[in-house]
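**Student:** Quick note: the sequence shown uses numbering that gives the first Met the number 0, first residue 0, plus one each step.
Each residue gets a CB set at the ideal place from its N, CA and C atoms; glycine is no exception.
These numbers come from a predicted model, not from an experiment.
Sharing a structure with you now.
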Amino acid sequence: MGEYYLKYGGARFARNAPQEKINSFVNSLPEEERSSLYNVVNLLEQEGLITLIPGDSTTVDQDMEELLVPNAGDDF
0 MGEYYLKYGG ARFARNAPQE KINSFVNSLP EEERSSLYNV VNLLEQEGLI
50 TLIPGDSTTV DQDMEELLVP NAGDDF
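Shown next as structure tokens:
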């Protein structure tokens, strides 16, 4: 089914189920469980609907990389 990336989490994953089944599962969760992307991803993995792929995950948005400034210890 291919590999995908979580836009705001940076984690790489593979779908183990059709998108419709994943959407249905997420929509069936109570609001308090859906309010955290971290929680939803863990639940999807526990249910076997996705597989997280370890390795080169990043939380840096590649489109914003040029705007990042290294921390030089400057006080602001």
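Roughly how many whole angstroms lie between the Cα atoms of ALA16 and GLY47?
**Tutor:** Taking the first residue of the sequence shown as position 1, residue 16 is located at position 17. Taking the first residue of the sequence shown as position 1, residue 47 is located at position 48. Rounded to the nearest angstrom, the two C-alpha atoms are 8 Å apart.
**Student:** What number of angstroms, rounded off, separates the C-alpha of ALA10 from the C-alpha of SER27?
**Tutor:** Stepping through the sequence shown from its first residue, residue 10 is reached at position 11. Stepping through the sequence shown from its first residue, residue 27 is reached at position 28. Rounded to whole angstroms, ALA10 to SER27 spans 23 Å at the Cα level.
**Student:** So, using beta-carbon positions, are VAL25 and VAL39 closer together than 8 Å?
**Tutor:** Position 26 of the sequence shown, counted from the start, is the residue given in the question as residue 25. Position 40 of the sequence shown, counted from the start, is the residue given in the question as residue 39. Against a cut-off of 8 Å, the Cβ pair of VAL39 and VAL25 comes out as a contact.
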